[in-house]
Each structure stands twice: as C-alpha cells, then as structure tokens.
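Please read the structure below before turning to the comments.
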Amino acid sequence: MYSYVYSAVIHGVKAKMVKVEVDISRGLPCFKIVGLAGKTVQESAKRVRSALINSGFEWPVKKITINLAPGNLNKYGSHFDLAIAAVLLECSGQIKIENKEQKIFAGELNLNGNLNHVRGILSMLLVAQKNNYSEAIIAKANQKESLLVKNINSYLIDHLHELNNLTKKYNKKPLTKKNQTKTTNYPDLNQIKGQKTAKNAIITAAAGGHNLLLIGPPGCGKTILAESIVKLLEPLTKKELLETASIYSINDSLAELNLEKKYRPFVAPHHSITSAALIGGGRIPGPGEISMAHNGVLFLDELPEFKNNVLANLREPLEKKRIKIVRQQGSYFFPANFQFLAAMNPCPCGFAGVKNRKCRCSERDIVRYQQKLSGPLKDRIDLQIEVLPLKKEELLENNKSDSKIDYYQKVKNARKMQAKRYKNTSLKNNSQLMLKDIDQYCQLESSSQAILNQAYQKLQLSVRGYIRLLRVARTIADLNQNLEITKSDLIKAIDFRWYAEKSEMLL
C-alpha cells in the first residue's frame, strides 16, 4: 500500500516543499525513514507511534518505509510528525484525506496526540502559497502565522484525532488578547529634552536611510535617541512584514514584532555577542541578529567593546544587504537590509572633552580606543555626531515648542521626494547615492559651490568623504523641501560631518 502527503522544510529563511511518501508492505515489522532525514526526524517514529495509539488509532504491524523527497535535501525538524502520522493513517485506511494534492501538513506531536507550536510555519505557508497549495493543516498554537497568509485556508487542530473531521477553519478568527503580540514602548523624539543637533541627525538618518554613529559620554541620552528613530520610520509594507515575520517565526520570536502597528524591528544585541549569533550560523545555519533587523534598525551600543572579528563581519551585510554562510551541505543566504545605528564613548572612561569632568585616559589610550573601529566600517557610516551632556537650562526647560513639531510627517515628506526622484532607478533613498549619481541628483545652488570648495580644503575630504557629505546635504534639502541644495543645507551637512573628519585627521 502506498500513499503520500506534502510538508516543507526550512532552508535558510525560506522553505522548500517536501513530499512525504509511505509504503506499508508485508515483512518483519519495522519503521524506516529515508531521504536525508536528520536526528529530529528519525525520532518522530517513537512520537508518531505513541500518538496514534493514544489517539484511538491502530498502529500497522507491518514493514513501514517513509521517504522524504527530494532525496538530496537535508530534512530536519519535529514538524514532520503530523505529515508522517497523516500519511500512515491514510495509507492504512483509517482516515480519508480529500484533495491531498492541495494540502500541506506541519506539526509536532506529543505522545498523547496533542500538537505543539513549531518554528518556521510562516515560511512554510508562504512557499505553499507560491506553489498554489490552498489548504494547510497545522497546530492551533500557530494561529498567529496563519492569519498573515490570506490565500491559504488553515485547519488549526489541537489533537491528532481531529484529522477525522477537517471542517472547522480558524484562520479568519481574530487572536485572543492572550496571543496578541507584545507592545514595545519606543520613545517619541518630541519628548526628549535638548540635544537639538542630535535630534536633527536622527531625523536626517531616518529621512535618508543613513547609518549613524552617536559619540558622547555616559548618560547623555545616546540610547534613547537611537530608539526614537523607530517612530520616525514608515510602517512595514505588506511584503516587508511577511519577509520580517518569516525570520522571526523561524527564531520562535514572532511575539517581538508589533503586527498591529507594523513598527520596523529595532535590534540591539549586547557587546558580548559572538559572530555566529550576530550574522547567523550553527551546524544547521539559522538567522542571526542582523537578519532579525532586516527591514529595520540594528543598534550597537558601546561599539568599541564589540570584538574586532564581530565588527568585521558587518562589512559584507552593510554593502550587499545580505550575508552568505557556507556549510558542507550547501550555501545559505540570509537577508540583512538594515539601517545601522551605533553609539560609543569618546574614550575608555567616557569623559574626554567634557566640561567639568576630568578624563583619566592618556592620549594614547584615546587613540587606541577609537582605532578599534576599522576604516572600512567607518566609511559606511554617513553621520557621526558628537552628543554632549544636557545643560541645566535644557534639563529644566519645558518642551512645549518642540512637542508641536511633527517629525514623522517631515520625514515622510522627504521620503516622498526621494521616491519621486528615484522612481525609474534602482535607488530607494539618498544613502545609496554613489559618485556617478552625485552630479545628477545633488545639484547645488550657485552660492553653495564656494562653501563646498572651502569644506573640501579645510576638512581634507577624501572621495568617500565628499560623497557622504553630499548624500547628507541632499537629505537635508529634502527635509526642507528644496529641489536644489542650498547654502544652509550644505552648512548643516558640514556640521554633521565635522566630528567624523576631525577624528579621522587626529588618527
């Protein structure tokens, strides 16, 4: 007797379809799984047998062979339990599966027949939708993922015996309060006191997609400034939400995404993180923190405290917007299209250049500390801003005038100008401008040209420095709704670049 159903396996951040075949024949009773099945799949034999018997079904006392096709693809994961149980029951005549060519099965079984939540269901549903499957049988615990894929009818079941009657569809039923996503309270930029220059830098970074480095002593507000960028960025589009949610589903952390407000992810790993945890990896490679920040923001606090090899691994994703991990069984590509924000102290003790605070570091210590950031990494950061402690007057003043400014709308208007300007190109925002694009898109007013010549000489700009300066100036002009870069736009961009060029000259 022969039968089959369909399931899927996660490969990187995407899923691939798997055909689960069974052959029940005469011979000594045994249970064999073939088709490059990993340890977790091999263990399903014990779980499936106990689940079938404890659910009131009969275990076929015959020679049972399970094949997972295609045979050249590594299979892993406990979610094959449900597919194996279903095909065994259908092949032995205990249940009837209608339209099985249109169904996909995924779920982990307990010994009593209950189904558990499994990782990566969203990627499986998306690949099923892409391959024109119309129905999915999954655990009720995965209801949240099923609601994100509208074109597949998901049968959400709690127990194996429900395979007898697949009539209830729960995919359109709203989530209960218990299953809603967690809400993270990100700060509003309007509520932050003082720091006018740093606020302008945050707005500019949000509007142009620029990477940003905040340099200042402890307690001056670098972290809260960085977190405030989340509410300035446009919500995730439908496509971006599915891409990001798929990655979070694989890491079993979908609750960390705000599916209601569609905030872009803000990922802030600790400085003790390893390379594998940051970029992804493992024996079976999984997404790292940079992939969790896909379509969002990666924030590294205390940047020089990260290991050099960890920071070196950021160069590829910052350039190519993805990371490639090679293993013996194949190559894995993980998306990493994030906006990079970082914060650091000016010296090891944190108080170099701060009034009324004595710095205990020698000049050599300061240079060694700042040299922990490699040139190639700094080259990919358009904005490098000095953040100073708040003065007493700034701390005590009320914030009424600042609270009336709609920073989000300013950023949105600037983004609209960029979308219109780059409509028929591969560019999406000003941070992607290269030297060949500068002359076309960064046109200066006549009065601005003299300022640019002076800045080029005084700041000793390299080619990269020149490109970064005009990228930032173009974004400032967009924030001011200027078609050409005015004198004031350029001066403001030079102010933003001053600390970066000054630190590079010192080193």
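Residue numbers for the sequence shown follow the working numbering, beginning at 12 and rising by one.
Every residue, glycine too, gets a C-beta built ideally from N, C-alpha and C.
This one's a predicted model, so the numbers in the text were calculated from it and none came from an experiment.
Nearest in C-alpha terms to Pro359, of all of Phe344, Asn367, Leu314, is Leu314. Counting only the Cα atoms, Met303 lies some 10 angstroms from Ile261. A Cβ-Cβ contact shorter than 8 angstroms links Lys421 with Leu490.
Counting along the chain, the unbroken alpha helix (DSSP H) around Met428 starts and ends at 418–432. Considered as a whole, the stretch 310–379 harbours 319–323, 326–331 as its complete alpha helix (DSSP H) runs of no fewer than 4 residues, in chain order. Here Asn356 is buried: its Cβ has 16 or more other Cβ atoms, across all protein chains shown, within 10 Å.
A distance below 7 angstroms between beta-carbons, with the five flanking residues on each side excluded, links Pro298 to the following residues of its chain, in chain order: Val24, Ile258, Ile261, Asn262, Gly291, Phe345. Setting aside the 5 residues that flank it on each side, Asn440 is surrounded in the same chain by Gly219, Gly220, Gln429, each with a C-beta closer than 7 angstroms to its C-beta; the list follows chain order.
For Asp506, no pairing in a beta bridge is given by DSSP.
Bridge partners of Gly292 according to DSSP: Gly297.
His172 carries a helical assignment under DSSP once its states are collapsed to helix, strand and coil.
Taking every protein chain shown into account, the CB of Thr248 has fewer than 16 other CB atoms within 10 angstroms, so this residue is exposed. Using a 10 angstroms sphere on the CB of Glu119, the tally of other CB atoms reaches 16 or more, which defines it as buried. The stretch 264–279 makes no contact with the stretch 314–324, as fewer than three CB pairs between them are under 8 angstroms. Remark: C-beta atoms of Met445 and Ile478 approach each other more closely than 8 angstroms. DSSP, read as helix, strand or coil, puts Leu446 in helix. For a cut-off of 8 angstroms, the C-beta gap from Tyr144 to Gln105 is around 24 angstroms, too long to register as a contact. Partner residues in the beta bridge of Tyr13, as assigned by DSSP, are Asp34. With at least 16 other beta carbons inside 10 angstroms of its own, Arg275 counts as buried.
Taking the Cα positions, Tyr15 is about 32 angstroms away from Gly293.
In this chain, the beta strand (DSSP E) harbouring Ile77 covers 74–80.
Annotation: Tyr87 to Ile75 spans about 20 angstroms, alpha carbon to alpha carbon. In this structure, DSSP gives Leu399 a state outside helix and strand, which the three-state scheme calls coil. Less than 8 angstroms divides the Cβ of Leu225 from the Cβ of Val398. Counting only residues of its own chain and dropping the five nearest sequence neighbours on each side, Val138 has a CB closer than 8 angstroms to the CB of Ala19, Lys25, Ala26, Lys27, Met28. Between Ala96 and Ala62, the C-beta gap is smaller than 8 angstroms, which places the two residues in contact.
Rounded to the nearest angstrom, the Cβ distance from Gln382 to Asn222 is 19 angstroms, too far for a contact under 8 angstroms.
According to the DSSP assignment, Lys43 belongs to the beta strand (DSSP E) that extends over 41–45. A Cβ-Cβ separation of about 7 angstroms places Ser89 in contact with Ser55 under the 8 angstroms criterion. Under the DSSP assignment, Lys141 falls in the alpha helix (DSSP H) whose first and last residues are 132–141.
Listed in chain order, the alpha helix (DSSP H) elements of length 4 or more contained wholly in the stretch 250–283 amount to none. The Cβ neighbour count for Ala266, taken over all protein chains shown within 10 Å, is under 16; the residue is labelled exposed.
For Lys111, no beta strand (DSSP E) segment is defined, and its DSSP state is neither H nor E. In terms of Cβ geometry, Leu47 and Asn78 do not form a close pair [threshold 8 angstroms].
For the 8 angstroms CB-CB criterion, Glu238 and Pro296 do not form a contact. A Cβ-Cβ distance of about 6 angstroms is found for the pair Asp169 and Asn125, placing them in contact under the 8 angstroms criterion.
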